[in-house]
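J.: Sharing a structure with you now.
2 protein chains.
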Amino acid sequence: MCECRDAIGIFDSGVGGLTVLGSIWERLPHEPTIYLGDTARVPYGTKSADTVIRYAQACSRFLLERGVKLLVVACNTASAYAVDALRAQHDIPVLGVIEPGAQVAAQVTRNGRVGVIGTAGTVNSGAYSRALAATGRDVEVFSAACPLFVPLAEEGWTEGPVPRQVAERYLGGILARDIDTLILGCTHYPLLKGVIADTVGPSVRLVDSAEATSRAVAEILDGTPLHRSDGSEPERQFLVSDSPEAFARVGERFLGRGIGPVTWVDF
Amino acid sequence: MCECRDAIGIFDSGVGGLTVLGSIWERLPHEPTIYLGDTARVPYGTKSADTVIRYAQACSRFLLERGVKLLVVACNTASAYAVDALRAQHDIPVLGVIEPGAQVAAQVTRNGRVGVIGTAGTVNSGAYSRALAATGRDVEVFSAACPLFVPLAEEGWTEGPVPRQVAERYLGGILARDIDTLILGCTHYPLLKGVIADTVGPSVRLVDSAEATSRAVAEILDGTPLHRSDGSEPERQFLVSDSPEAFARVGERFLGRGIGPVTWVDF
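Chains as they are written, first to last, in this note's numbering: chain P, 1 to 267; chain Y, 1001 to 1267.
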């Protein structure tokens, strides 16, 4: 178990949050990280607010007990439902993926018409609409739940006729609303970026919240004593609540590189 | 909570087992039933043996505490991994969906070449191969995991180009092995029966284990004091570990009729 008491703690229901972790590693290469994938309870995106909050609290308690200095909720559904509850409970910074993504979208949209795609949970929560409204920019939001995108990404079917037809069916409605910006509101969706970009065409800008979130993490740490910027090799841990082997296998696609040892934990 | 101490207890990770429940209702219309859908932990099909056994034990303990007289594991993955453990623990009859389906397949195959489709868990477990071998009939088994079938069925995308292309991609390999019988080894798959039948063609017989399982339940109860055959209206309960509303909405498609009150339970 990790002995370093100053890691960034990152959790997700499974492998999706690895797109966020990869972006944090790129931007903050010297920070130790503990990634927790709650693979025994995955997915969160189809489950109710109460259940997702309960699971997110269990994940964050587990990471806090390991002394993390900052908590990243690397799952849109958990961010949508649980970030407020986690902030109220913990006295370290808690960062979700929704606010950073919404801020980027509010900056880049020209016509103020923003699309959001995500799990049923994220879309039903209305969290992106609230986060976009909170930016102060006058934005109209059009959203669509895309439940099949998660299993397609996990199955590795990220190109070809099946994902293309699924994307056309899910995105047709919001494309008809003349959006110029589309938030990929689920950490699985960057794997389908190619097919989504082809479907929406070059006039719609895609916002990937992994990138926006890692920038927000850097902004919080920058200039504080918490920030680690020396040249040492940081510790990088992977913990999961179900099979480590399955996580390592599927996770490589999400992280874009091999995953070292993965440890099973019960919590 | 149910007061009747002689119900048939049926559990599944979610809605899939409702295809088994519907078949039990048809065959045994006077039997009280308690259906437990473990929707807070759904799906089981992508998870490890250890985790599925743990969840199946929790479900069965919960139903046993309510005094059920017979336990039906209405989920192929849980049947594949956990039936032996549950039989060892409980002194009421425990019935999975795999043995009944395998027995029917062994009876109907002419050329002894049987296909099995299911979740990754069911296929990797080898449970159908063992159950077919145990029938005494000399059968060759060819199997394929079809992970996208479950989300397609839950999304209600059961016809049209997307499920057809998914079916062609998953089934091509086993069809090339000259099978004449195909076991639908997941309780979700009866919803995709049309598209699966079109893909495999008329020379391949489909075996739906819901039907086979309800017949096995009737055989166990028939002629025993446990069997209820009088004309009274039996109690039929639905319990779930996540949102009752979502279960009722999706479940109607699986049961083929409206679902009455659904109660949330924690276990």
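For glycine and all other residues, C-beta sits at the position ideal for the given N, C-alpha and C. Small disclaimer: the values here were computed from a predicted structure and weren't measured.
1) Evaluate contact between the stretch 139–153 of chain P and the stretch 36–56 of chain P, counting only Cβ atoms and requiring at least three cross-stretch pairs below 8 Å.
2) Would you say residue 199 of chain P faces chain Y, with C-beta separation under 8 Å as the test?
3) Step through the CB atoms of chain Y and report whether any lies within less than 8 Å of the CB of residue 143 of chain P.
4) Throw me the rounded Cβ distance for the residue 1207 of chain Y and residue 1108 of chain Y pair, which I believe falls under 8 Å.
5) Please work out which residues of its chain come closer than 6 Å, Cβ to Cβ, to residue 123 of chain P, disregarding the five sequence neighbours upstream and downstream, and give them in chain order.
6) Suppose you measure from the CA of residue 1249 of chain Y to the CA of residue 1079 of chain Y; what does that come to, to the nearest Å?
7) Would you tell me roughly how many angstroms separate the C-alpha atoms of residue 56 of chain P and residue 1061 of chain Y, rounded to the nearest one?
8) With a floor of 4 residues, list each alpha helix (DSSP H) that falls wholly inside the stretch 1055–1095 of chain Y, ordered by position along the chain.
9) Got a sec: is the Cβ-Cβ distance from residue 36 of chain P to anything in chain Y below 8 Å?
10) Can you round the beta-carbon distance between residue 1077 of chain Y and residue 1119 of chain Y to whole angstroms, since I take them to be within the 8 Å contact cut?
11) Rounded to a whole number of angstroms, what is the C-alpha to C-alpha distance between residue 195 of chain P and residue 183 of chain P?
12) Let me confirm a value: residue 1176 of chain Y is counted as buried when at least 16 other C-beta atoms fall within 10 Å, else exposed. Which label applies?
13) Is residue 268 of chain P helix, strand or coil when you go by DSSP?
14) My assumption, with CB atoms under 8 Å, is that residue 37 of chain P sits in contact with residue 247 of chain P. Please give the rounded CB distance.
15) Going along chain P in order, which residues have a C-beta closer than 8 Å to the C-beta of residue 1048 of chain Y?
16) Take residue 1104 of chain Y and list the residues in its own chain whose beta-carbon comes closer than 6 Å to its own, dropping the five residues that flank it on each side.
17) Determine the burial state of residue 1011 of chain Y: buried for a count of at least 16 other Cβ atoms within 10 Å of its Cβ, exposed for fewer.
18) Do residue 1251 of chain Y and residue 1015 of chain Y have their CB atoms nearer than 8 Å?
19) Quick check for students: name the residue ranges of the alpha helix (DSSP H) that lie wholly in the stretch 160–190 of chain P, counting only runs of 4 or more.
20) With a threshold of 6 Å on Cβ separation, who are the neighbours of residue 255 of chain P within its own chain once the five nearest residues in sequence on each side are excluded?
21) From the DSSP secondary-structure annotation, give me the bridge partner or partners of residue 1143 of chain Y.
22) What residue does the alpha helix (DSSP H) around residue 1198 of chain Y start on, and which one ends it?
23) What residues of chain Y sit near residue 51 of chain P, judged by a beta carbon separation below 7 Å?
24) Report all residues from its chain with a CB closer than 6 Å to the CB of residue 13 of chain P; omit the five preceding and five following residues, and keep chain order.
25) Answer with yes or no whether the minimum CB distance from residue 1155 of chain Y to chain P is below 8 Å.
26) Tell me which residues share the same chain as residue 186 of chain P and place their Cβ nearer than 6 Å to its Cβ, disregarding the 5 neighbours each side in the sequence.
27) Against chain P, with Cβ distances strictly below 8 Å, would residue 1148 of chain Y count as a contact?
28) How far does the alpha helix (DSSP H) with residue 128 of chain P in it extend, from its first residue to its last?
29) For the beta strand (DSSP E) that residue 256 of chain P lies in, which residues bound it at each end?
30) What residues from the stretch 1156–1187 of chain Y come within 8 Å of chain P, judged by C-beta to C-beta, listed N to C?
T.: Taking the definition as stated:
1) Using a C-beta cut-off of 8 Å, the stretch 139–153 of chain P makes contact with the stretch 36–56 of chain P, since at least three inter-stretch Cβ pairs fall below that distance.
2) Residue 199 of chain P does not count as touching chain Y.
3) No, residue 143 of chain P does not count as interfacial toward chain Y.
4) A Cβ-Cβ distance of about 7 Å is found for the pair residue 1207 of chain Y and residue 1108 of chain Y, placing them in contact under the 8 Å criterion.
5) Close CB contacts of residue 123 of chain P within its chain, under the 6 Å cut and outside five residues either way in sequence, are with 143 and 145 (chain order).
6) Rounded to whole angstroms, residue 1249 of chain Y and residue 1079 of chain Y show a C-alpha spacing of 26 Å.
7) Distance from the CA of residue 56 of chain P to the CA of residue 1061 of chain Y, rounded to the nearest whole angstrom, comes to 26 Å.
8) Residue ranges of uninterrupted alpha helix (DSSP H) with 4 or more members, entirely inside the stretch 1055–1095 of chain Y and ordered along the chain, are 1076–1089.
9) False, the Cβ-Cβ gap to chain Y never drops below 8 Å.
10) Right, the Cβ-Cβ distance comes to about 5 Å (below 8 Å), so this counts as a contact.
11) Roughly 15 Å between the two C-alpha positions.
12) Of the other Cβ atoms in all chains shown, fewer than 16 fall within 10 Å of the Cβ of residue 1176 of chain Y; this residue is therefore exposed.
13) In the structure as shown, chain P begins at 1 and stops at 267. Residue 268 of chain P is therefore absent and cannot be evaluated.
14) Beta-carbon to beta-carbon, residue 37 of chain P and residue 247 of chain P are separated by about 6 Å, close enough to satisfy the 8 Å threshold.
15) Neighbours of residue 1048 of chain Y on chain P, chain order: 242, 243 and 246.
16) Answer for residue 1104 of chain Y: 1207 and 1212, listed in chain order.
17) By the neighbour-count rule (16 or more Cβ atoms within 10 Å), residue 1011 of chain Y is buried.
18) In this structure, residue 1015 of chain Y lies closer than 8 Å to residue 1251 of chain Y by Cβ.
19) Counting only runs of 4 or more, we get 161–175.
20) Around residue 255 of chain P: 18 and 22.
21) According to DSSP, residue pairing for residue 1143 of chain Y in a beta bridge involves Y:1116.
22) From DSSP, the alpha helix (DSSP H) with residue 1198 of chain Y extends over 1193–1200.
23) What residue 51 of chain P touches in chain Y: 1040 and 1242.
24) Residues of the same chain with a CB within less than 6 Å of the CB of residue 13 of chain P, apart from the 5 flanking positions on each side, are 38, 42, 43, 44 and 75 in chain order.
25) Taking Cβ atoms only, chain P reaches closer than 8 Å to residue 1155 of chain Y, which makes this a yes.
26) Answer for residue 186 of chain P: 76, 118 and 119, listed in chain order.
27) Proximity of residue 1148 of chain Y to chain P, defined by a Cβ-Cβ separation below 8 Å, is satisfied.
28) Looking at the DSSP string, the run of the alpha helix (DSSP H) that includes residue 128 of chain P is 127–134.
29) Residue 256 of chain P -> no beta strand (DSSP E), and no H or E assigned at all.
30) For the stretch 1156–1187 of chain Y, the set of positions with a beta-carbon nearer than 8 Å to some beta-carbon of chain P reads 1157, 1161, 1162, 1165, 1166 and 1169 in chain order.
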